[in-house]
Amino acid sequence: MIKGFVFDLDGVLTDTAEYHYLAWQELGGKMGIAFDRVFNEQLKGISRMDSLERILKYGNKSRAYTEDEKIALANEKNEDYKKLITNISPADLLPGISELLKELKAADIQLALASASKNGPIILKRLGIENLFDTIVDPACLTHGKPDPEIFIKGAEQLGLRPDECVGVEDAEAGIEAINAAGMFSVGVGSKESMKAADLFVTDTSELNVRDILTAAANWSH
Ligand code: G6P
Ligand code: MG
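Residue 77 in full-length UniProt numbering sits at position 77 of the sequence shown, and the numbers go up by one each step.
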């Protein structure tokens, strides 16, 4: 029986995935590395430093910077990103998310946040939904990032549940891989192509429906 939902943040609860993209593009421009939305799919769900590494590798510039310079570049991206998220408010919740979270709470389902973002807690606060979440996984405590299942296993653990008692919701390919590897029922938000590994997928958050998800999860054989 499903007793918990473990949510990704960026691109699932709010459209900060777009802000991450804009901030990385800005930094990419300064480093002379251009990339598009197709490449950006590979950055979703990936930690700040790992994202920078992927961009540098893509631009054949992995060795162009020292470790200290890389940290400075990642900080620069984050400062830019923080400016973009300054004015986030409850109006920035993606369509249907507010209703979905309230419906889950009303059904006594516990909620956990499993985001690789160190900006997660402040964003939840600005969105006005921090009180709906029972627990937040601290990404600083993780040994492995997505697609490793660690963050989702921790999310379930922090709720006092087994992974198979939880549903994971993601917009990143690496995130769906992580949920599946954790042994959780996976719900993907995105294109059919990028969400092909999800147990259930919707193209838009407004299509997320508690009854549909619980029915599909109940019939899921893993
Ligand atoms: C999420 C996003 C990634 C982002 C990562 C780290 O997983 O999908 O695009 O790079 O969090 O976010 P942070 O806010 O800590 O830089
Ligand atoms: Mg995401």
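Glycine included, C-beta positions come from ideal geometry on N, C-alpha and C.
Inter-residue spacing [alpha-carbon to alpha-carbon] between residue i and residue j
| i | j | result |
| --- | --- | --- |
| S117 | F201 | 23 Å |
| A34 | K3 | 44 Å |
| R54 | A197 | 22 Å |
| M1 | E177 | 22 Å |
| H144 | E150 | 7 Å |
| L127 | I97 | 11 Å |
| R63 | S206 | 43 Å |
| L208 | T66 | 44 Å |
| K82 | I123 | 10 Å |
| T14 | M31 | 28 Å |
| I77 | E26 | As written in the sequence, residue 77 is Lys, which differs from the Ile given in the question. Approximately 8 Å, taken between the alpha carbons. |
| I213 | A172 | 18 Å |
Residue i: CB within 6 Å of a non-hydrogen atom of the ligand G6P
| i | result |
| --- | --- |
| residue 225 | There is no way to answer for residue 225, as the model of the chain reaches only from 1 to 222. |
| H144 | no |
| K118 | yes |
| K44 | yes |
Bridge-paired residues (DSSP) for residue i
| i | result |
| --- | --- |
| S186 | G168 |
| D10 | T14 |
| V202 | V189 |
| G4 | Q110 and C166 |
| T135 | A112 |
Residues near residue i by beta carbon distance below 7 Å, same chain, minus five either side
| i | result |
| --- | --- |
| Q158 | A112, T135 and V137 |
| V210 | L100, E103, L104 and A107 |
| I153 | P163 and A182 |
Cβ shell of residue i (< 6 Å), same chain only, five flanking positions each side left out
| i | result |
| --- | --- |
| M49 | A74 |
| G155 | V6, A112, A114 and V137 |
Cut-off 8 Å between Cβ atoms - residues of its own chain near residue i, not counting five sequence neighbours on either side
| i | result |
| --- | --- |
| L43 | H20, Y21, W24, S51, R54 and I55 |
| A140 | K118 |
| L9 | T16, L113, S115, S117, G120, I123 and L124 |
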